[in-house]
Amino acid sequence: MMEQLAKVWQEVLNLRGFDYGLPSDVSTHGFAIDNLILTLHYFMALLFVGWGLYLVYCLVRFRERDGHEADVAPQHFSLPKYLEIGVVIFEACLLVFFSYPVWAKLKTDFPDRESSLVVRITAEQFAWNIHYPGRDGKFGKTNIDLIDGTNPVGLDREDPNAKDDIVSINQFNVPVGKPVIVELGAKDVIHGFFLPNARVKHDAIPGMVFPLWFETKETGKFEIACAQLCGVGHYRMKGYFNVFTQEEYDNWLLEEENALKEGA
Amino acid sequence: MSHHEMPFWKKYIFSTDHKVIGLQYGITATFFLLFGFFLMILMRWQLAYPGIEIPLIGKALTDTGALTPELYNALGAMHGTIMIFLGVVPMGVGAFGNYLVPLQVGACDMAFPKLNMMSYWVYFVGGVIMMMSFLMPGGAAASGWTSYPPLSVISNNAQTVWLVAMVFLITSSLLGSVNTIVTAIQLRAKGLNFMRWPIHVWAQVTTAFLLLLAFPPLEGAAVLQLADRLFGSSFFLPSGLVVSGEKLAVAGGGNPLLWQHLFWFLAHPEVYVLILPAVGIVSEIVTTNCRKPLYGYKTMVYSILFLGFMSFVVWAHHMFMTGMGVTLSSFFQATTMIISIPSVIILTTILLTLWGASIRFTVPMLFAMAFLPMFAIGGLTGLPLGLTASDIHLHDTYYVIGHFHYVVAPGTLFALMGGVYYWYPKFSGREMNEFLGKLHFWVSFVAINFVFMPMFLMGSKGVSRRMYDQTQYSHGAATQSWNVVMSTAAFVLLLAQIPFIWNMFTAWKTGKKVQNDNPWEATTLEWAASSPPPHENFPTPVEVYRNPYTYSATTRKVLPQFIPQEG
Numbered sequence: 004m005m006e007q008l009a010k011v012w013q014e015v016l017n018l019r020g021f022d023y024g025l026p027s028d029v030s031t032h033g034f035a036i037d038n039l040i041l042t043l044h045y046f047m048a049l050l051f052v053g054w055g056l057y058l059v060y061c062l063v064r065f066r067e068r069d070g071h072e073a074d075v076a077p078q079h080f081s082l083p084k085y086l087e088i089g090v091v092i093f094e095a096c097l098l099v100f101f102s103y104p105v106w107a108k109l110k111t112d113f114p115d116r117e118s119s120l121v122v123r124i125t126a127e128q129f130a131w132n133i134h135y136p137g138r139d140g141k142f143g144k145t146n147i148d149l150i151d152g153t154n155p156v157g158l159d160r161e162d163p164n165a166k167d168d169i170v171s172i173n174q175f176n177v178p179v180g181k182p183v184i185v186e187l188g189a190k191d192v193i194h195g196f197f198l199p200n201a202r203v204k205h206d207a208i209p210g211m212v213f214p215l216w217f218e219t220k221e222t223g224k225f226e227i228a229c230a231q232l233c234g235v236g237h238y239r240m241k242g243y244f245n246v247f248t249q250e251e252y253d254n255w256l257l258e259e260e261n262a263l264k265e266g267a
Numbered sequence: 118m119s120h121h122e123m124p125f126w127k128k129y130i131f132s133t134d135h136k137v138i139g140l141q142y143g144i145t146a147t148f149f150l151l152f153g154f155f156l157m158i159l160m161r162w163q164l165a166y167p168g169i170e171i172p173l174i175g176k177a178l179t180d181t182g183a184l185t186p187e188l189y190n191a192l193g194a195m196h197g198t199i200m201i202f203l204g205v206v207p208m209g210v211g212a213f214g215n216y217l218v219p220l221q222v223g224a225c226d227m228a229f230p231k232l233n234m235m236s237y238w239v240y241f242v243g244g245v246i247m248m249m250s251f252l253m254p255g256g257a258a259a260s261g262w263t264s265y266p267p268l269s270v271i272s273n274n275a276q277t278v279w280l281v282a283m284v285f286l287i288t289s290s291l292l293g294s295v296n297t298i299v300t301a302i303q304l305r306a307k308g309l310n311f312m313r314w315p316i317h318v319w320a321q322v323t324t325a326f327l328l329l330l331a332f333p334p335l336e337g338a339a340v341l342q343l344a345d346r347l348f349g350s351s352f353f354l355p356s357g358l359v360v361s362g363e364k365l366a367v368a369g370g371g372n373p374l375l376w377q378h379l380f381w382f383l384a385h386p387e388v389y390v391l392i393l394p395a396v397g398i399v400s401e402i403v404t405t406n407c408r409k410p411l412y413g414y415k416t417m418v419y420s421i422l423f424l425g426f427m428s429f430v431v432w433a434h435h436m437f438m439t440g441m442g443v444t445l446s447s448f449f450q451a452t453t454m455i456i457s458i459p460s461v462i463i464l465t466t467i468l469l470t471l472w473g474a475s476i477r478f479t480v481p482m483l484f485a486m487a488f489l490p491m492f493a494i495g496g497l498t499g500l501p502l503g504l505t506a507s508d509i510h511l512h513d514t515y516y517v518i519g520h521f522h523y524v525v526a527p528g529t530l531f532a533l534m535g536g537v538y539y540w541y542p543k544f545s546g547r548e549m550n551e552f553l554g555k556l557h558f559w560v561s562f563v564a565i566n567f568v569f570m571p572m573f574l575m576g577s578k579g580v581s582r583r584m585y586d587q588t589q590y591s592h593g594a595a596t597q598s599w600n601v602v603m604s605t606a607a608f609v610l611l612l613a614q615i616p617f618i619w620n621m622f623t624a625w626k627t628g629k630k631v632q633n634d635n636p637w638e639a640t641t642l643e644w645a646a647s648s649p650p651p652h653e654n655f656p657t658p659v660e661v662y663r664n665p666y667t668y669s670a671t672t673r674k675v676l677p678q679f680i681p682q683e684g
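Note that the protein sequences, when read in sequence, are chains G and L.
Residue numbering for the first sequence follows the numbering used here, starting at 4 and increasing by one per position.
Residue numbering for the second sequence follows the numbering used here, starting at 118 and increasing by one per position.
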């Protein structure tokens with residue numbers, strides 16, 4: 004019900020197909036975030052223009068000039084009180100009907116792991132390590148003692164579950180239309196995992212692993228950005244985020260698997 | 118009296134007179150504000166023309182003449198630190214609070230004059246130490262003004278200097294805040310009950326309570342981070358850190374988020390430390406230049422107090438992206454929406470004061486009138502950041518930079534500049550030049566909007582903050598042309614400060630002398646003293662007869678608090 008209403012509102016906001024300066028969005032949850040951003044900005048513009056017109060009117064009408072004196076009698080206006088109450092109610096509505104549901108959905112309503120692509124993303128200065136579990140769907144063991152230049156996540160290739168694991172650097176490929184669960188961590192400092200085109204952002208914090216999820220609805224080639232200052236290379240900690248068709252994705256997976264076999 | 122024979126160094130350098138200390142704070146803070154601004158000009162050059170040599174001074178900074186990413190990060194961290202802890206707070210609280218609070222409550226001086234002197238000198242030493250960090254091998258602290266661990270703990274030695282300087286600066290603020298609270302409450306003139314305090318005093322006292330209660334956690338946190346850096350502890354370092362492929366030899370077991378909670382527990386109230394003195398100053402300027410009472414004095418007072426209280430329970434809205442669950446984020450979103458209510462009331466109250474006024478467009482009034490829409494933009498753009506859903510896209514982007522700069526730069530700084538023009542006759546007995554003042558105002562007002570408005574557009578596109586070169590990203594490259602506009606405007610803004618600085622220093626000796634002690638026909642107690650006030654302010658004790666901002670109903674003439682009879 005809420006979702007349908009939100010979609011109707013989205014139609015209203017996008018009446019002329021204008022992007023409002025937001026980047027294109029390929030996620031299924033992104034429209035709710037965009038809706039909130041746009042609704043808020045209409046509300047802010049309304050308040051600002053209202054205040055602004057009143058301010059300019061006052062500055063002109065009540066300017067000091069001959070024959071004009073200030074009215075020093077005590078004043079009472081009730082309109083501002085109602086406006087204030089209106090603002091409070093509007094903010095409460097945004098909170099309860101727009102923001103809470105989106106957050107609750109993203110934080111608690113995770114898709115089924117079986118039918119999702121589960122990946123581990125480990126950030127480091129200054130790269131994104133994307134760890135795919137491979138066909139068995141199980142992540143191999145990792146050990147920080149094994150980390151070196153060729154093994155950025157410290158994957159223990161002796162572990163049977165690790166045999167088919169794929170670790171790619173800065174290349175995050177997902178098939179369109181399939182839910183993706185990301186287990187996000189960091190090796191050294193705090194990074195900010197940001198997919199502007201999928202309305203995904205989360206801090207990658209060393210010592211902790213946070214799950215997050217999203218689902219895509221369109222294919223395309225995009226970027227991973229770092230949102231949190233992480234050192235000298237923060238500005239070039241760019242990754243690539245590719246939303247493939249299932250076929251393209253399978254082909255890529257096959258290539259990686261072949262490369263893995265040749266390497267072994 | 119003995120002070121006439123005081124040697125120069127005792128009268129003007131190690132003075133215990135709150136007015137001299139206030140001016141010391143003001144001059145030092147002005148220097149730091151200009152220096153922090155200058156750092157930003159260097160950064161803005163790099164942002165507009167990435168990797169291109171800085172004209173004239175570039176070769177003195179680096180081998181190539183262009184900023185390096187290391188230097189850029191250091192400048193960014195120091196810009197934030199200097200502007201907040203060495204510039205705006207010492208100006209708003211140190212200079213205006215120190216100079217005006219005793220005068221506005223009719224006191225001879227601060228309650229603890231020596232503590233006051235100590236507060237300034239501890240601040241001064243903290244500032245010098247902070248500057249010294251530029252001389253450290255590898256440059257100044259480069260982990261942002263927020264100094265998030267583990268980055269700050271593993272970064273170069275300048276971070277240690279930063280932390281030591283912060284301990285000094287925080288100590289200075291604590292000393293100052295105790296003084297303001299005791300002075301305003303204990304040394305009130307006869308008849309000055311609390312509901313007769315000027316709004317500026319309410320704002321300064323609330324600010325002092327915020328400093329007193331919010332700064333100790335950061336001081337503690339700074340000491341903990343020092344311990345992590347120097348003594349091998351791991352308060353903020355988790356186990357299993359691997360930096361550049363090497364396992365970090367630390368005990369581990371700590372949590373980086375602990376720092377963020379301690380930091381923002383200070384740093385959110387800090388936002389209100391920046392804004393409340395500005396609200397106080399604007400209220401004084403507006404009432405005087407409107408020639409009528411403030412609309413809803415009590416509403417204003419309760420809003421300021423409520424704002425101060427609420428500022429302690431919103432801090433975690435800076436941390437929505439750190440894995441916060443539904444319950445906690447719901448609480449902090451709700452408090453964030455609630456804190457917008459007193460902010461709107463304060464703005465509305467000042468706006469309603471304009472109704473039926475007779476507005477004098479003096480230079481301070483121009484700044485106060487610009488403060489209102491600028492602060493409104495800053496406040497309103499806080500809403501999308503305060504709701505978690507919209508924050509997902511906007512968090513840590515230029516949208517945030519635009520938001521808080523609108524609050525602090527064309528908001529607070531404009532109010533402080535207005536305050537300088539407004540109280541200059543009180544400080545010196547002379548007026549600042551009006552033409553130069555208007556030139557300063559109009560050029561600044563136009564330029565500053567070209568600096569900050571495009572940030573909202575860039576942020577909406579998803580351009581991250583604190584980036585040395587945003588053209589690395591496709592969305593950054595697409596909005597890069599805005600950077601040229603913003604940097605040009607920032608340079609114009611810098612030029613616009615020249616008439617201001619010139620005006621401020623030359624008018625001290627050559628400005629037009631004020632006709633009487635109360636040139637603006639204001640109502641509050643500081644105008645009962647002569648301009649400039651003598652040592653110990655009031656030769657005979659003053660008495661207060663009425664509320665601030667009172668006007669005679671029959672003659673419409675101003676009724677200052679310190680004049681007994683009506684009419």
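Quick reminder that beta carbons are idealized off the backbone N, C-alpha and C, glycines included.
These figures come from a predicted structure and were not determined experimentally.
is_contact[residue i, chain L] using C-beta, thresh 8 Å
| i | result |
| --- | --- |
| residue 96/G | no |
| residue 24/G | yes |
| residue 106/G | yes |
| residue 192/G | yes |
| residue 54/G | yes |
| residue 102/G | yes |
| residue 228/G | yes |
| residue 174/G | no |
| residue 43/G | yes |
Interface residues of chain G facing residue i [CB-CB closer than 7 Å]
| i | result |
| --- | --- |
| residue 489/L | 58 |
CB contact check: residue i to chain G, cutoff 8 Å
| i | result |
| --- | --- |
| residue 118/L | In this predicted model, residue 118/L has a pLDDT of only 44, less than 50, meaning its place in the structure is not dependable enough to derive any value. |
| residue 360/L | yes |
| residue 684/L | Caution applies to residue 684/L, whose pLDDT of 48 falls short of 50 and renders its modelled position unreliable; the value that the coordinates give is listed next. Not one chain G Cβ lies under 8 Å of residue 684/L. |
| residue 617/L | no |
| residue 274/L | no |
| residue 533/L | no |
| residue 430/L | no |
Residue from the options whose Cα sits closest to the Cα of residue i
| i | options | result |
| --- | --- | --- |
| residue 524/L | 348/L, 540/L and 460/L | 460/L |
| residue 56/G | 468/L, 617/L and 485/L | 468/L |
| residue 486/L | 135/L, 652/L and 530/L | 530/L |
| residue 372/L | 388/L, 363/L, 354/L and 359/L | 354/L |
| residue 177/G | 22/G, 253/G, 146/G and 49/G | 253/G |
| residue 180/G | 216/G, 136/G and 139/G | 216/G |
| residue 286/L | 596/L, 211/L and 607/L | 211/L |
Endpoints, the beta strand (DSSP E) within which residue i is located
| i | result |
| --- | --- |
| residue 176/G | 174-178 |
| residue 268/G | Any answer about residue 268/G is impossible in this case: the structure gives chain G only from 4 up to 267. |
| residue 148/L | First-last for residue 148/L: 135-165, but that is the alpha helix (DSSP H), not the beta strand (DSSP E). |
| residue 182/G | 182-189 |
Partner residues on chain L for residue i, Cβ-Cβ distance less than 7 Å
| i | result |
| --- | --- |
| residue 9/G | Here the premise fails: no neighbours, minimum Cβ distance about 11 Å. |
| residue 71/G | 475 |
| residue 149/G | Per Cβ cutoff of 7 Å: no residues; residue 149/G is ~10 Å from chain L at best. |
N-terminal and C-terminal residue of the alpha helix (DSSP H) that residue i is part of
| i | result |
| --- | --- |
| residue 271/L | 268-271 |
| residue 385/L | 373-407 |
| residue 319/L | 316-347 |
The stretch 240-256 of chain L touching the stretch 191-210 of chain L, judged by at least three CB pairs closer than 8 Å
yes
Determine, using beta-carbon pairs with one atom in the stretch 544-551 of chain L and one in the stretch 643-657 of chain L, whether at least three such pairs fall under 8 Å.
yes
Between the stretch 505-517 of chain L and the stretch 434-441 of chain L, do at least 3 Cβ pairs fall closer than 8 Å?
yes
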